[in-house]
Amino acid sequence: MRIKTKDGQEYLSEYVAVTITPAIDSVTYKVDPVLNAAVFYVNTHDTQGKTQFYRWKFEETWEYEAAYYSALMVRNDSVVTRRDNINRCWGKLKSGSILLGSTIKLSSDVIKDLPINRVPISTNKLFIKYSILVKQYGLSRQAFEYWTDLAKTTQGTGSLFDVLPSQVTGNIRNVADQRILAFGYFSAATEETRRFTISPRLGMFPRCIEPDTIPIRCSSRDADECALNTAKLLLTYWGPRSDSVLVAAHSCADCRLQGGTTEKPSYW
């Protein structure tokens, strides 16, 4: 790989062979009552015994709801039915840790029940529907050692027994001046993926303060809060003549405020 920067510096990586990554056999999970979490595991093997060094990444997607459903909104000084559903959302998150595995000390090139993610039940990610997309890469021994060293210096627990931070360099060098350090490692491998989706109903439905009841229209300019001037979200009509509405804070009825989107994923 050749890199040219805007300031005229040129960097070259070492030549590397492409690693053919074996397929992921399965992704499974178990609920750990001690951790109060769901732990996800990956299984894979290489019948030819050529891989031996592995790295994984994953992407989480989960469906969730706000505590209350906002069915109404104000448009042109009138209360109308809301067209967009802001009650149901999908959250997404990519893995941030360096996930590695090796079979070099085993009699066969088999990875069995390697934990790659832990989802606390308290997050409510597992209450409606949860999906994890696992990505697997075969590594060379040199690439595995690089990622192992990087993990040691970046993923410590902060204890006295942590490895002291050190300078981790890879296989990329400055062409003109070897003293100019380049950080990173260039490797090449095919990617194998597997999606695993569950609906375990773990957790609890979101809770929020009880909605308020306010009239639709204000009786005068100095009147108290009404539907046409409130900063809250309108939920539904209320009262025998439907002349009032239930309202709640945005945080109770707009799921987007928790970081998700109302766009349903294509794989859902």
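When the letters of the sequence shown are read in order and numbered with numbering that gives the first Met the number 0, they come out as residues 0 to 267. Glycine is no exception: its CB is placed at the ideal position from the N, C-alpha and C atoms.
Exercise. If residue 227 and residue 70 are in contact, beta carbons under 8 angstroms, what's the gap, nearest whole angstrom?
Worked result: Between residue 70 and residue 227 the Cβ distance is about 17 angstroms, and since that is not below 8 angstroms, they are no contact.
For this session: Would you kindly report the start and end of the unbroken alpha helix (DSSP H) that includes residue 252?
Result: 249–252
Exercise. Which term fits residue 265, buried or exposed, when burial requires 16 or more other beta carbons within 10 angstroms of its beta carbon?
Worked result: exposed
Exercise. What is the DSSP secondary structure of residue 145, reduced to helix, strand or coil?
Worked result: helix
Exercise. How far does the beta strand (DSSP E) with residue 236 in it reach, from first residue to last?
Worked result: 232–237
Exercise. Taking the C-alpha atoms as reference points, what is the distance between residue 149 and residue 167?
Worked result: 6 angstroms
For this session: Please go through the same chain and pick out, in chain order, the residues whose beta-carbon is closer than 7 angstroms to the beta-carbon of residue 51, but skip the five residues on each side of it.
Result: 101, 102, 103, 108
Exercise. Cα separation between residue 47 and residue 23?
Worked result: 15 angstroms
For this session: Locate the beta strand (DSSP E) running through residue 90, then write down its first and last residues.
Result: 87–93
For this session: Give the single residue among 72, 80, 0, 119 whose Cα lies nearest to the Cα of residue 32.
Result: 119
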